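Beneath this line is the structure, given in structure tokens, with notes to follow.
Protein chains: 2
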Amino acid sequence: MSYQAPVKDMLFNIEHLARIEEVAKMPGFEDAGLETAQAVLEECAKFNEGVVAPLNVPGDLNPSSLKDHVVTTTPGFKAAFKQFAEGGWQGLQHPTDFGGQGLPKAIGAACIEMLNSANLSFALCPLLTDGAIEALLTAGSDELKATYLEKLVSGEWTGTMNLTEPQAGSDLALVRTKAEPQPDGTYKVFGTKIFITYGEHDMADNIVHLVLARVAGAPEGVKGISLFVVPKFVLKDDGALGDRNDVYCVSIEHKMGIKASPTAVLQFGDHGGATGYLVGEENRGLEYMFIMMNSARYAVGVQGIAIAERAYQHALAYAKERVQSRPVDGSVKGAATIIHHPDVRRMLMTMRALTEGCRAMALTAAAAYDAAHHHPDAEVRKQNQAFYEFMVPLVKGYSTEMSLEVTDLGVQVHGGMGFIEETGAAQYYRDAKILTIYEGTTAIQANDLVGRKTARDGAQGAKAIAEQIAATEKALTASGTDNAKAVAQRLAAARQAFVDSAEYIAAQSKSDPNAAYAGSVPYLLLAGNLVAGWQLGRALLVAEAAGDDAFMKAKAVTARFYADHILTRAPGLRDAIVEGAASVTALAPEAF
Amino acid sequence: MSYQAPVKDMLFNIEHLARIEEVAKMPGFEDAGLETAQAVLEECAKFNEGVVAPLNVPGDLNPSSLKDHVVTTTPGFKAAFKQFAEGGWQGLQHPTDFGGQGLPKAIGAACIEMLNSANLSFALCPLLTDGAIEALLTAGSDELKATYLEKLVSGEWTGTMNLTEPQAGSDLALVRTKAEPQPDGTYKVFGTKIFITYGEHDMADNIVHLVLARVAGAPEGVKGISLFVVPKFVLKDDGALGDRNDVYCVSIEHKMGIKASPTAVLQFGDHGGATGYLVGEENRGLEYMFIMMNSARYAVGVQGIAIAERAYQHALAYAKERVQSRPVDGSVKGAATIIHHPDVRRMLMTMRALTEGCRAMALTAAAAYDAAHHHPDAEVRKQNQAFYEFMVPLVKGYSTEMSLEVTDLGVQVHGGMGFIEETGAAQYYRDAKILTIYEGTTAIQANDLVGRKTARDGAQGAKAIAEQIAATEKALTASGTDNAKAVAQRLAAARQAFVDSAEYIAAQSKSDPNAAYAGSVPYLLLAGNLVAGWQLGRALLVAEAAGDDAFMKAKAVTARFYADHILTRAPGLRDAIVEGAASVTALAPEAF
Chain S
20 MSYQAPVKDM
30 LFNIEHLARI
40 EEVAKMPGFE
50 DAGLETAQAV
60 LEECAKFNEG
70 VVAPLNVPGD
80 LNPSSLKDHV
90 VTTTPGFKAA
100 FKQFAEGGWQ
110 GLQHPTDFGG
120 QGLPKAIGAA
130 CIEMLNSANL
140 SFALCPLLTD
150 GAIEALLTAG
160 SDELKATYLE
170 KLVSGEWTGT
180 MNLTEPQAGS
190 DLALVRTKAE
200 PQPDGTYKVF
210 GTKIFITYGE
220 HDMADNIVHL
230 VLARVAGAPE
240 GVKGISLFVV
250 PKFVLKDDGA
260 LGDRNDVYCV
270 SIEHKMGIKA
280 SPTAVLQFGD
290 HGGATGYLVG
300 EENRGLEYMF
310 IMMNSARYAV
320 GVQGIAIAER
330 AYQHALAYAK
340 ERVQSRPVDG
350 SVKGAATIIH
360 HPDVRRMLMT
370 MRALTEGCRA
380 MALTAAAAYD
390 AAHHHPDAEV
400 RKQNQAFYEF
410 MVPLVKGYST
420 EMSLEVTDLG
430 VQVHGGMGFI
440 EETGAAQYYR
450 DAKILTIYEG
460 TTAIQANDLV
470 GRKTARDGAQ
480 GAKAIAEQIA
490 ATEKALTASG
500 TDNAKAVAQR
510 LAAARQAFVD
520 SAEYIAAQSK
530 SDPNAAYAGS
540 VPYLLLAGNL
550 VAGWQLGRAL
560 LVAEAAGDDA
570 FMKAKAVTAR
580 FYADHILTRA
590 PGLRDAIVEG
600 AASVTALAPE
610 AF
Chain B
20 MSYQAPVKDM
30 LFNIEHLARI
40 EEVAKMPGFE
50 DAGLETAQAV
60 LEECAKFNEG
70 VVAPLNVPGD
80 LNPSSLKDHV
90 VTTTPGFKAA
100 FKQFAEGGWQ
110 GLQHPTDFGG
120 QGLPKAIGAA
130 CIEMLNSANL
140 SFALCPLLTD
150 GAIEALLTAG
160 SDELKATYLE
170 KLVSGEWTGT
180 MNLTEPQAGS
190 DLALVRTKAE
200 PQPDGTYKVF
210 GTKIFITYGE
220 HDMADNIVHL
230 VLARVAGAPE
240 GVKGISLFVV
250 PKFVLKDDGA
260 LGDRNDVYCV
270 SIEHKMGIKA
280 SPTAVLQFGD
290 HGGATGYLVG
300 EENRGLEYMF
310 IMMNSARYAV
320 GVQGIAIAER
330 AYQHALAYAK
340 ERVQSRPVDG
350 SVKGAATIIH
360 HPDVRRMLMT
370 MRALTEGCRA
380 MALTAAAAYD
390 AAHHHPDAEV
400 RKQNQAFYEF
410 MVPLVKGYST
420 EMSLEVTDLG
430 VQVHGGMGFI
440 EETGAAQYYR
450 DAKILTIYEG
460 TTAIQANDLV
470 GRKTARDGAQ
480 GAKAIAEQIA
490 ATEKALTASG
500 TDNAKAVAQR
510 LAAARQAFVD
520 SAEYIAAQSK
530 SDPNAAYAGS
540 VPYLLLAGNL
550 VAGWQLGRAL
560 LVAEAAGDDA
570 FMKAKAVTAR
580 FYADHILTRA
590 PGLRDAIVEG
600 AASVTALAPE
610 AF
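Protein sequence lines, in the order shown, are assigned to chains S and B.
Per the numbering used here, numbering of the first sequence is gapless, rising by one per residue and ending at 611.
Per the numbering used here, numbering of the second sequence is gapless, rising by one per residue and ending at 611.
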């Protein structure tokens, strides 16, 4: 099944929700208006449709393999990655100082969606490299930046994030990897890291591992963790590749999905110690790692949207082709294509509405990121930063959870054929399941949303967002169409559910933390549901003002469907959060 | 991960909800009281835990394979199946006249759950045999019964259902397989059937295919379909195995899950015609096939409960063992097992509540089946038959859809380890996805619920069930505990949502069938959600009256959790059904 990038929908969001022309007024983004967006997206679509997407099924059938510490990726990956690098796609959002194109996230995020729709496994390598670049840009010394950034931005080298150890998954306080200072200012790193995506592969000349480790004598827990660069090949003084560093891939995982992307166990220092270079200051590693994590979390949310889009396209094509049964409304004599059946339409509309809603949320969040970094007014930057930070767990948590629903429906639309691997729908179902887990499970995102983003300021930030939503409701009601009024009503009910929940969680967080955290994931799902519906409400305002246009009409129908079928889940979530906390923990651990 | 059959919970349901002692008063069930249930379940648990469960992972790793029309099952399957047959497990619910044990479905269903928890792929073979037995019992001639039933009931031979063809999946009107009458009264069968579970294998001496086909000159559509027995080996006059019949397995599918169960493409008649024997009368095949289907649909619902139970046990064991992070309530100093974290508890409670709720629904329905067939009073039989028929799409549709949620949560509890195949949680996630598809997709179940079970009688049957639920609410309110009152309130809200939806659907079904069917699956989910919650409400009444007992306390907490977290989804579903139908079909097929 071929992939067609939804360029039109992306540009709609970039123009009307992310408001790219406003972004293009900010210093540094002068050339990044709608015209640039269109040109970049069209080029990006061509590359991903033509080069990357055809490798998706082969990657599943013929995953990366390991022999003698060497990982060989799926045939075709290496050549495609070379094209990816040469096309400048790795550097899209990175600074021109290091060879990037310095484009806004509002454009870059759409490109990242395409890459992930085309091939989730392939796209993971650049995703991790982006994280490494962010960390070095923020915390690296000038020397580290000069040494590594250009090669990473150009896609000649790739980056990894080395956090997890067998005993330390979500709980980084338990990290045990050691770093011993050397007289020359470098460190020797010893330890085992697991779940390292593209921790070893054959697509680039060097791999720049960013590694969490403890320096001897550091405080216990997360306050004693430092961040190191550990390159696969140590560099000579002239920057050329030198000796093989003492970090080796000892195994790769046998996974349910994203099989083409090698998930490595890396062994550091079994032959004398791996040479590492401190990033920033000792014991501030977690802080720096969060920079990578925040970039990666947003990107994983985009992965959710991407796989949902691909699953939707696959199911839609089948629904338009498969003939089965007479429509209940008698609109077709005899058996019809299954898209004529109301429940198939309900499934397709659900897939479409969730995907478009989350895309709208992600691109709106991207514009806030751009403003937070480029707007000339400090107060505006601050507001946008706060908004973006609230959005990150929603983009990550909600978009990935919805991708499980969408990929499930994608199989379901296919009936029995969906369960047969050759059909292709099952791969999305298997691939998607990692997205609610890595870069922090949905519960970890929800902890962030509850703790840092809601309880800390007494739900003030949450309520500020609710006020923005109320303003959209007003505009919808004023616009006066049936769709707009109906959407406004659903938004109002969902918003009230959200405010009740935020207030409850803020109130309980100190006095009864179990009660606050018992509702953490439902609260995240409620917030994500609401914000995506809100963005579709904004889209509806644009669409209904646009007159007679097929795309705009479909957008209006999709927004209405979302309100009737997805936003209506919100009040039930509120009841579970606000009135159901006690029953979550009523059964003691030993009573299970 | 070993499996432990939840014998205690099953017996609780059999005693208090299925009321086995009432069943034991019916003619033919005199020996089938609680004591018998306990003895059978304990024996069944031993067999499935010890013999069948250990083959679950090997089946996934080393699936059935095909060579020269011969299917070889996973090593160990054949021997285990022999033990299964020798233990008399195939005949548990079948008439003593043909060598069965004639036990009530209320006991048999629990045994079937165990078998499926132990090994979904293995259990499919007996499941299909049960269907073939039902069809022959109801529609077979005395000669067919005498020839085949004993061997099927004893497990020496197995049965299959041959419905699907490449162009005819949900739409059996499109069946093209032909049957040509022969002078000796037999038929020659020609055609291709796909998706035939255990259509070929090495676990039994003969395979009795029940095949839908058209006799030349039959009416078009479903009214021209007849049912045939086509044995793999034609029998000699003395009943011994004779010639190999002209039905061959030409390929088996490469599936996402249930890999050990061979899903065959069967070719009938390529070498002169497969010998077939008419079941019942010509052109009444669909009617007979529905007998098999109804038996199989209920059983697939039980499969959903079974895989959910297994996923729950797996996740629970991990949650009690994996140490990660400090509990938010400070109840443990330092890192604790993850079951101490509220969101892990919420996931486990969700898994547990859905599983127990659906088990309660299924076993209550089983008791209705028993009464419908064995109660001395015709009026009581009729009422129970109506109730059972309403339950079948709920047991099938809701229990399987919930199993997707439960197996997803099962992976999620494991974090990154869940995505690694060796952990085992991923297999449940992959296996479960077939359950919402085969024996009629969720949409097909929902069509049945909307058309035959709700619209046909103007929602009278639905409202009669609602009245029974209202009576339980009254009893809960009268019992006066906090849990009971809270559950009664949630039940009342969900019941009202159900009645609104049923009335809406009945009202629209003629005038606006698209509107009725647009809400078909949400209506099924709402009805299933409510009925499972109702049964947990009944369980709560028993549990809270039982005094100080750990099992009973846990049951009460689970019922309360279900009410707060699952029943609260019902009003949102009602809004989508009653107020959201138009947006489902507003976008025309050609506008996608």
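Glycine included, C-beta positions come from ideal geometry on N, C-alpha and C.
From a predicted model like this one, the values you see are computed outputs, not experimental measurements.
Since residue i and residue j should fall inside the 8 Å C-beta cutoff, what is the C-beta to C-beta distance between them, to a whole number of angstroms?
| i | j | result |
| --- | --- | --- |
| B:A318 | S:D362 | No, B:A318 and S:D362 are not in contact; Cβ-Cβ is about 23 Å, not under 8 Å. |
| B:G480 | B:A405 | 6 Å |
| B:P532 | S:V347 | 4 Å |
| B:L60 | B:M29 | 6 Å |
| S:M311 | S:G150 | 4 Å |
Cα separation between residue i and residue j?
| i | j | result |
| --- | --- | --- |
| B:Y337 | B:G437 | 10 Å |
| S:P46 | S:D389 | 11 Å |
| S:L163 | S:H220 | 23 Å |
| B:C144 | B:A137 | 14 Å |
| B:A386 | B:Q112 | 13 Å |
| S:G291 | S:K255 | 19 Å |
| S:Q464 | B:P114 | 56 Å |
| B:E199 | B:Y206 | 5 Å |
| B:T383 | B:G159 | 29 Å |
| S:T282 | S:M308 | 19 Å |
| S:G443 | S:F48 | 40 Å |
| B:V518 | B:K482 | 6 Å |
Taking the beta carbon of residue i as the centre, do at least 16 other beta carbons fall within 10 Å, making it buried, or is it exposed?
| i | result |
| --- | --- |
| S:S528 | buried |
| S:L80 | exposed |
| B:G236 | exposed |
| S:G566 | exposed |
| B:S539 | buried |
| S:S270 | exposed |
| S:F570 | exposed |
| S:Q286 | buried |
| S:P238 | exposed |
| B:A564 | exposed |
So with CB distances below 8 Å, who are the chain A contacts of residue i?
| i | result |
| --- | --- |
| B:F214 | Of the protein chains in the structure, S and B, none is chain A. |
Going by DSSP in three states, residue i sits in which element: helix, strand or coil?
| i | result |
| --- | --- |
| B:F247 | strand |
| B:N67 | helix |
| S:D256 | coil |
| S:T190 | Correcting the residue type first, residue 190 of chain S is Asp in the shown sequence and not Thr. It is coil, neither helix nor strand. |
| B:Y296 | strand |
| B:T491 | helix |
| B:M571 | helix |
| S:I152 | helix |
| B:Q201 | coil |
| S:N403 | helix |
| B:D262 | strand |
Exercise. Residues in the region 425-440 of chain B with C-beta within 9 Å of chain S's C-beta atoms, listed in sequence order?
Worked result: D427, V430, Q431, H433, G434, G435, M436, G437, F438, I439, E440
For this session: Would you list, in chain order, the members of the region 318-332 of chain B that have their beta-carbon closer than 7 Å to a beta-carbon of chain S?
Result: none
For this session: Compile a chain-ordered list of the residues in the region 180-212 of chain S whose CB is closer than 9 Å to at least one CB of chain B.
Result: T183, Q186, A187, G188, S189, D190, A192, L193
Exercise. Going along the chain, which residues of the region 385-417 of chain B sit with their C-beta nearer than 9 Å to a C-beta in chain S?
Worked result: none
Exercise. Which residues, in order along the region 552-579 of chain S, keep a beta-carbon less than 7 Å from a beta-carbon of chain B?
Worked result: A569, A573, V576, R579
Problem set entry | chain S contacts made by the region 513-544 of chain B, where a contact means CB separation under 7 Å | P532, N533, Y536, A537, S539, V540
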